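Notes follow the structure.
Numbering (this note's numbering), first residue to last: -19 to 262.
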């Protein structure tokens, strides 16, 4: 019992408990907001530059045409649109005077578009171009139940990889919420083992996550266990003293773990599995 009190009397233990309490509080707030009954129109995005670079166009003596039209660049953008809420989103809630649009900048052109996948035909999701503007598409639907949606593919010549969503939905002033980009697997011409790592970014992130957790656990171990591990891994007699700084390893481990954890969380696929589309890159 005395050992338990001595353990919790250490300053770093109190700090760690405080940090965990703050994290749990933040998670609780997010859980409450997520659990609220509301329709939440959302979208995730990914893109692949087929022709041209992000900043530099092709050389002037090189001309590329798409369906007879000359283009400086060509980008394939995939948008997954769905109801991420807990209530049905009714198409009649879209304000007639401010309908829903997907649009790029004024001088850009959407060269082609198509619906790759949809959850229900009954949703009656329709995507149409605008006669007076080549940079935007209008879309509408009858309704979207929770997790209902579509996957749209656009080919365009814009410098921007992703379009903007506009339009007004009654009771939802934020409109369609951007849920971020999806981490896409990209092919590369590098040789092993670097190619293996770059082809599997999630493996790299998970490895870093495990390494960070290992450092955190190391900092929480009793002094005898830390001394044993250090002695086992190193035969050097000039080892740095670690008995007075366990909090250093805890903080370092938490920081090291938080970076890959955040990347995996932020770039995960948030849309329903039935809207997952296997990308075949050219």
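Virtual Cβ for every residue (Gly too), placed ideally from N, Cα, C.
Note that this is a predicted model, so its numbers are computed, not measured.
CB of residue i within 7 Å of CB of residue j, strictly
i	j	result
residue 54	residue 30	yes
residue 155	residue 79	no
residue 105	residue 143	no
residue 63	residue 124	yes
residue 130	residue 95	yes
residue 103	residue 121	yes
Alpha-carbon to alpha-carbon, residue j and residue i
i	j	result
residue 89	residue 60	20 Å
residue 26	residue 150	28 Å
residue 52	residue 75	37 Å
residue 77	residue 0	49 Å
residue 254	residue 119	21 Å
residue 157	residue 65	11 Å
residue 249	residue 32	27 Å
residue 132	residue 117	11 Å
residue 256	residue 99	11 Å
residue 160	residue 23	8 Å
residue 345	residue 71	No answer is possible for residue 345: the residues shown for the chain start at -19 and end at 262.
residue 222	residue 162	Its pLDDT being 48, under 50, residue 222 is placed unreliably in this model, and the value from its coordinates should be taken loosely. Approximately 41 Å, taken between the alpha carbons.
residue 252	residue 127	6 Å
residue 137	residue 145	18 Å
residue 178	residue 3	With a pLDDT of only 48 at residue 178, under the threshold of 50, the placement of this residue in the model should not be trusted, and no figure is reported.
residue 93	residue 17	33 Å
residue 139	residue 86	12 Å
residue 58	residue 97	11 Å
residue 56	residue 44	16 Å
residue 67	residue 141	31 Å
residue 114	residue 101	27 Å
residue 28	residue 73	34 Å
residue 91	residue 134	8 Å
Those residues which DSSP pairs with residue i across a bridge
i	result
residue 151	Note: residue 151 sits in no beta bridge, so no partner.
residue 129	62
residue 145	82
residue 93	134
residue 120	106
residue 74	149
residue 98	130
residue 157	22
residue 69	124
Touching by the beta-carbon criterion (3+ pairs, under 8 Å), the segment 37 to 56 and the segment 100 to 111: Between the segment 37 to 56 and the segment 100 to 111, the count of Cβ pairs shorter than 8 Å is below three; the stretches do not touch.
Could you name each continuous beta strand (DSSP E) segment of 3 residues or more that falls completely within the segment 15 to 64, going from the start of the chain to the end? With a minimum length of 3 residues, the continuous beta strand (DSSP E) runs that stay inside the segment 15 to 64 are 21 to 31, 44 to 46, 49 to 51, 54 to 63.
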